[in-house]
Amino acid sequence: MDRFIFLTVDGLSKGAVYAAFALSLVLIWRAARIVNFSQGAIAVAAAYMAYSVTMHTGGNYWLGFGAAIVGGLVLGVVVERTTMRFVGHERPLDSVIVALGVVLIIQAVLGFIYGNEFLPAAAPFSRTSMRIGGYAVWSPYDLYVYAAVAVLVSFLAYLFAKTKLGLRLRASAFAPEVSRLLGVNVGRMTTLGWALAAAAGALAAMLVLPTELGLHPNAMDLVFVTAFTGAVLGGLDSPQGAVIGGLAVGLILNYVTGYAHNPNLAQPAVLAVLLVVLLVRPGGLFSSATARQV
Amino acid sequence: MSTTEQAHNDQAGPPAPPPSTLLGGPTSTAPAGGPAGVLGSTLLRNLLVTVVCVAVMMGLTTVLGPFQNFQLAYVLAYLSALIGLNVLIGLNGQLSLGHGAIMAVGGYSMGFTQNAMVDAGYVDNRAFALWWTVVVSLTVGVLAAIVAGLLIGLAAARLRGPYLAGVTLAVAVLVPGITTAFDVFNGDQGIRVSVPRRPPALAKVLGPSFTNEQWQAWVALFAVGLVGLLMANLIRSRYGRMFKAVRDDEVAAQLSGINVARTQITAFVVSSATAGLAGGVFVFLVKNSQPGFFSLTLSLYLVLALVLGGLGSIAGAIWGALFLVAVPYLTAQLSRGLHVPPDLELRLSGNLPLAIFGLALILVTIIAPGGIQALVRRIWAWLYGLVRRPAG
Numbered sequence: 323m324d325r326f327i328f329l330t331v332d333g334l335s336k337g338a339v340y341a342a343f344a345l346s347l348v349l350i351w352r353a354a355r356i357v358n359f360s361q362g363a364i365a366v367a368a369a370y371m372a373y374s375v376t377m378h379t380g381g382n383y384w385l386g387f388g389a390a391i392v393g394g395l396v397l398g399v400v401v402e403r404t405t406m407r408f409v410g411h412e413r414p415l416d417s418v419i420v421a422l423g424v425v426l427i428i429q430a431v432l433g434f435i436y437g438n439e440f441l442p443a444a445a446p447f448s449r450t451s452m453r454i455g456g457y458a459v460w461s462p463y464d465l466y467v468y469a470a471v472a473v474l475v476s477f478l479a480y481l482f483a484k485t486k487l488g489l490r491l492r493a494s495a496f497a498p499e500v501s502r503l504l505g506v507n508v509g510r511m512t513t514l515g516w517a518l519a520a521a522a523g524a525l526a527a528m529l530v531l532p533t534e535l536g537l538h539p540n541a542m543d544l545v546f547v548t549a550f551t552g553a554v555l556g557g558l559d560s561p562q563g564a565v566i567g568g569l570a571v572g573l574i575l576n577y578v579t580g581y582a583h584n585p586n587l588a589q590p591a592v593l594a595v596l597l598v599v600l601l602v603r604p605g606g607l608f609s610s611a612t613a614r615q616v
Numbered sequence: 013m014s015t016t017e018q019a020h021n022d023q024a025g026p027p028a029p030p031p032s033t034l035l036g037g038p039t040s041t042a043p044a045g046g047p048a049g050v051l052g053s054t055l056l057r058n059l060l061v062t063v064v065c066v067a068v069m070m071g072l073t074t075v076l077g078p079f080q081n082f083q084l085a086y087v088l089a090y091l092s093a094l095i096g097l098n099v100l101i102g103l104n105g106q107l108s109l110g111h112g113a114i115m116a117v118g119g120y121s122m123g124f125t126q127n128a129m130v131d132a133g134y135v136d137n138r139a140f141a142l143w144w145t146v147v148v149s150l151t152v153g154v155l156a157a158i159v160a161g162l163l164i165g166l167a168a169a170r171l172r173g174p175y176l177a178g179v180t181l182a183v184a185v186l187v188p189g190i191t192t193a194f195d196v197f198n199g200d201q202g203i204r205v206s207v208p209r210r211p212p213a214l215a216k217v218l219g220p221s222f223t224n225e226q227w228q229a230w231v232a233l234f235a236v237g238l239v240g241l242l243m244a245n246l247i248r249s250r251y252g253r254m255f256k257a258v259r260d261d262e263v264a265a266q267l268s269g270i271n272v273a274r275t276q277i278t279a280f281v282v283s284s285a286t287a288g289l290a291g292g293v294f295v296f297l298v299k300n301s302q303p304g305f306f307s308l309t310l311s312l313y314l315v316l317a318l319v320l321g322g323l324g325s326i327a328g329a330i331w332g333a334l335f336l337v338a339v340p341y342l343t344a345q346l347s348r349g350l351h352v353p354p355d356l357e358l359r360l361s362g363n364l365p366l367a368i369f370g371l372a373l374i375l376v377t378i379i380a381p382g383g384i385q386a387l388v389r390r391i392w393a394w395l396y397g398l399v400r401r402p403a404g
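Top to bottom, those sequences are chains A and B. So the number in our numbering is just where the residue sits in the first sequence, counting from 1, plus 322. So the number in our numbering is just where the residue sits in the second sequence, counting from 1, plus 12.
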């Protein structure tokens, strides 16, 4: 029982990070119909900015944290305005390829500036679990992760559901032509979507890097793959699906690692779950049936 | 009423294309107006081209030094994978980000088979004799890759766009986990593979100048020749046209009587077979099979090289394979020639190829879709025009 609680709690805090990252992928998918393969690299670049700021301010985590979020926003705008904007939509492969090109350039620049060694990523709170009633449960850091992801999710939910800006964002994603006719600046909304998504990705990187080996130009590669799996599991069109898919993937990874006593079987298990779900529902768990244009 | 309308439409509209255009048309078996006889047959023409190419390359290996031969063999190993992946992505329109993992299936199966034959005494300790063992083990590698490709293809046929990309991406990251989870794979170290060195009989005929690297290049060359011949014929066959029809419009293909799912699975299996062969040849070259070779990076680089070279043609795959091996080599030479501090040199040589690769990808996709091959074709047409104009 002790073990089960520990694995669940730990899996949920990992899953929360995957959920945040999956949400950032869904944001761009909904805004531009692009799976942003460069999301991981952008997030790592933002985390490196945080590292530099923290180093130059005598170890102030929160200034670095702010720098990462702002850096994410800026990088999202830069990537969208300089490259992604010019990618045509007639071949779906093109956006994937250009995004991978952006990944390579970002990783090369980071590797050149900071070197290809792991740099430490500090956690602002203790990572040792507190004990309640004899069971090891959350660590302060886990609670911080939950809180940060909850703030992100509620902010996005409020923005999209309750504000005029959110309405414009949704309108330009679902019916760009009609929105343009009604006076929405669709290009600006797409850029804003990228900025929001990149900032959400940067937040996820700031949360996950202290729990892993640290900062490295490739540090988010596996997180990207896992979070993408979560987003696909939930259905790329559904923000709720992204959150639930991300949490589910975090739990699966942790249960398999914990109970099979073999961390190497975790990725195959995630693939197996993904295959089973997609074979039953090819558009993910939370997909709605779509008519195919003939 | 409706019949008159129908007749009226028939008169007014453009002449209806012959029913075969959807599938055949410009890529029918014999080129329109082509010469009859030997050159009229696709099989014979491709066979001729392949034999000439392989013979020329075999001649080239006698001029190259051992290191260059080894590099050539590398290019050729990548090339076999790229030609097959081209059938899947370029011809059938299915994106696979997991072909590195399928190469691993071929590579490891080849290694296990080869080592089993060594244990059974078919190869002596110096691994000189019985060159045919490598044919057997490569074949086993291909068969294993076909099984893997069939499994993924069965799932892929149901999935579209980003969902297919997601599943194949999840396949790509399986290799390190599986190879560390089971002891037979020996973890990150990988397995050592005893491969046959150059056959003594050949060495006797060709003299001491026939190096082992040359023999390796030859094996890779034969593999590519076989793959190239089969794929060139496949592209021009009924299957090639079915692949294209499914890529261009699934519904139209289905209405024409094509089984879409089966066609997609076939494309996946074909490209997996060549990826398995490439993985086997790769292990044959480096005498070792470890997860590091078959990383996520390899899977992505295969797709990137193909796009850079030019999707849809074998020539594009050749450009891609050359680019893949040449850029890291050239940038390493360049950063060594710059005479900068060693620390900076290391960072340059490690990261410059990535930057060049990334920039090239973005530029090619946005400015020059069709890749290097399309550029070459355009330059060729321009040169041809220069030559023709004064005469005409």
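Note that CB positions come from ideal geometry on N, CA and C, so glycine has one too. In this text, all values refer to a predicted model and were calculated from it rather than measured experimentally.
Worksheet entry | D543(A), buried or exposed, once every other Cβ within 10 Å from all chains shown has been counted against 16 | Per the 10 Å Cβ criterion, buried.
Discussion item. At the 8 Å Cβ level, is I566(A) part of the contact set with chain B, yes or no?
Written reply: By this cut-off, I566(A) is not an interface position.
Worksheet item: Quick one: which chain B residues come within Cβ less than 9 Å of G423(A)?
Response: Simply L316, F369, G370, L371, A372, L373, I374, L375, V376, T377.
Fill in: Residue span of the alpha helix (DSSP H) that contains I574(A), given as start and end
Annotation for I574(A): the continuous alpha helix (DSSP H) segment containing it runs 561-581.
Practice prompt. Give me the Cβ distance between A160(B) and V179(B), rounded to the nearest whole Å; I'm assuming they're in contact under 8 Å.
Written response: Approximately 13 Å separates the beta-carbon atoms of A160(B) and V179(B); this is outside 8 Å, ruling out the contact.
Worksheet item: Of all the CB atoms in chain B, is at least one closer than 8 Å to the CB of P590(A)?
Response: Closer than 8 Å to some Cβ of chain B, the Cβ of P590(A) qualifies, so yes.
Item to complete: Could you tell me which residues DSSP pairs with N300(B) in its beta bridges?
Response: Paired residue(s): R204(B).
Worksheet entry | Where I454(A) falls: helix, strand or coil (DSSP) | Three-state result, I454(A): strand.
Item to complete: Return the CA-CA distance between L593(A) and V183(B), expressed in angstroms with no decimal places.
Response: Cα to Cα, the separation comes out at about 7 Å.
Worksheet item: Between the region 482-494 of chain A and the region 507-520 of chain A, do at least 3 Cβ pairs fall closer than 8 Å?
Response: Output reads yes: the region 507-520 of chain A touches the region 482-494 of chain A.
Item to complete: Starting from the beta carbon of N363(B), find every residue of chain A whose beta carbon is closer than 8 Å, and list them in chain order.
Response: From the beta-carbon of N363(B), the residues of chain A found nearer than 8 Å are Q429, A430, V431, G433, F434, N438.
Worksheet item: Among L241(B), I378(B), L387(B), L395(B), which residue has its Cα nearest to the Cα of T405(A)?
Response: Of L241(B), I378(B), L387(B), L395(B), the residue nearest in Cα terms is I378(B).
Worksheet item: Helix or strand or just coil, what does DSSP make of L241(B)?
Response: Helix at L241(B).
Practice prompt. Identify, in the order they occur along the chain, each residue of the same chain with its Cβ nearer than 7 Å to the Cβ of G398(A), setting aside the five sequence neighbours on each side.
Written response: Within the same chain, G398(A) has close Cβ partners I364, W516, A517, A519, A520, A521.
Item to complete: Between the Cα of F255(B) and those of V236(B), L238(B), L241(B), I277(B), spot the shortest distance and give me the residue it belongs to.
Response: Residue I277(B) is the option with its Cα nearest to F255(B).
Worksheet entry | A317(B) beta carbon less than 8 Å from that of F305(B) | No.
Worksheet item: Does F608(A) come within less than 8 Å of chain B when only Cβ atoms are used?
Response: It does not: the Cβ of F608(A) has no partner Cβ on chain B nearer than 8 Å.
Worksheet item: Can you name the residues of chain B whose CB is closer than 7 Å to the CB of N584(A)?
Response: Residues of chain B passing the Cβ test: A193.
Worksheet item: Is there contact here, the region 370-388 of chain A with the region 433-447 of chain A, by at least three beta-carbon pairs under 8 Å?
Response: Yes: the two stretches touch, three or more of their Cβ pairs being nearer than 8 Å.
Worksheet item: Relative to the C-alpha of L155(B), which residue among T125(B), G102(B), R172(B), D200(B) is closest?
Response: Nearest option by C-alpha distance: T125(B).
Item to complete: Please confirm if the region 290-298 of chain B is in contact with the region 82-89 of chain B, defined as three or more CB-CB distances below 8 Å between the two stretches.
Response: Put simply, the region 290-298 of chain B touches the region 82-89 of chain B. At least three CB pairs are less than 8 Å apart.
Worksheet item: Is G370(B) near A430(A), with beta carbons less than 8 Å apart?
Response: Yes.
Item to complete: Please classify P354(B): is it buried, with 16 or more other beta-carbons within 10 angstroms of its beta-carbon, or exposed?
Response: Exposed.
Worksheet item: Around the Cβ of K336(A), are there at least 16 other Cβ atoms within 10 angstroms (buried) or fewer (exposed)?
Response: In the assembly as shown, K336(A) is a buried residue. Its beta-carbon has 16 or more other beta-carbons within 10 Å.
Worksheet item: Quick one: Cα of T54(B) to Cα of R248(B), how far?
Response: T54(B) and R248(B): Cα-Cα distance of roughly 8 Å.
Practice prompt. For L537(A), go through chain B and note every residue whose CB falls closer than 9 Å to its CB, in chain order.
Written response: Near L537(A) there are no residues of chain B at all, since even the closest Cβ is about 16 Å away, more than 9 Å.
Fill in: Partner residues on chain B for P561(A), Cβ-Cβ distance less than 7 Å
Neighbours of P561(A) on chain B: none; closest Cβ ~16 Å, over 7 Å.
Discussion item. If we define contact as Cβ-Cβ less than 8 Å, is V599(A) a contact residue for chain B?
Written reply: For V599(A), not one C-beta of chain B is nearer than 8 Å to its own C-beta.
Worksheet entry | Distance CB(L422(A))-CB(F477(A)) smaller than 8 Å | Cβ distance not < 8 Å, so L422(A) and F477(A) don't count as in contact.
Discussion item. Strictly under 8 Å for the Cβ-Cβ distance: is P462(A) near chain B by that measure?
Written reply: Closer than 8 Å: no.
Worksheet item: Who are the Cβ neighbours of L514(A) in its own chain at under 7 Å, not counting the five residues just before and after it?
Response: Within its own chain, the residues whose Cβ lies closer than 7 Å to the Cβ of L514(A), once the five positions on either side in sequence are excluded, are L491, listed in chain order.
Worksheet entry | Any C-beta of chain B under 8 Å from that of V616(A) | Low per-residue confidence applies at V616(A): pLDDT is 49, beneath 50, and the placement is therefore not dependable enough to give any value.
Worksheet entry | Contact set for G153(B): own chain, Cβ-Cβ below 6 Å, skip 5 residues either direction | If we look at G153(B) and ignore the five residues flanking it on each side, its Cβ neighbours are G118, S121, M122, G288, G292.
Fill in: P446(A): contacting residues in chain B (beta-carbon distance under 9 Å)
Those do not exist, as P446(A) stays about 30 Å from chain B at its closest Cβ, beyond 9 Å.
Worksheet item: Counting only beta-carbon atoms, is P604(A) nearer than 8 Å to chain B?
Response: Chain B, which has a Cβ nearer than 8 Å to the Cβ of P604(A), makes this yes.
Worksheet item: Does the distance from the CB of A341(A) to the CB of G552(A) come in under 8 Å?
Response: Their beta carbons are under 8 Å apart, which means A341(A) touches G552(A) by this criterion.
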